[in-house]
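Let me begin by presenting the structure, written as structure tokens, before commenting on it.
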Amino acid sequence: MSAREVLDHFPAGHPRGSWPAEERAAELTRSGTPATVRMDPKNDRFIVVAERGERS
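Residue numbers for the sequence shown follow this note's numbering, beginning at 8 and rising by one.
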């Protein structure tokens, strides 16, 4: 995984799966910080990261 700024994280075992992370990424994107969700298998979590080269 390339180095990116982690904006938030959620456990992979969450009952709603990746939805909380997807919702947070959408919220950040709407507010002007483009974000996406990636899986961090080493730490068993979904991470919300700033999209490469983007930050307001």
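Beta carbons: idealized from backbone N, C-alpha and C, even for Gly.
Computed from a predicted model, the values in this text were never measured in an experiment.
By the Cβ neighbour-count rule, V56 is buried, with 16 or more other Cβ atoms within 10 Å of its own.
For R45, the pairing in a beta bridge is given by DSSP as I54. Just so you know, the alpha carbons of R11 and H21 end up roughly 23 Å apart. No Cβ-Cβ contact shorter than 9 Å links E30 with T43. Here A28 is not near D51, since their CB atoms are 9 Å or more apart.
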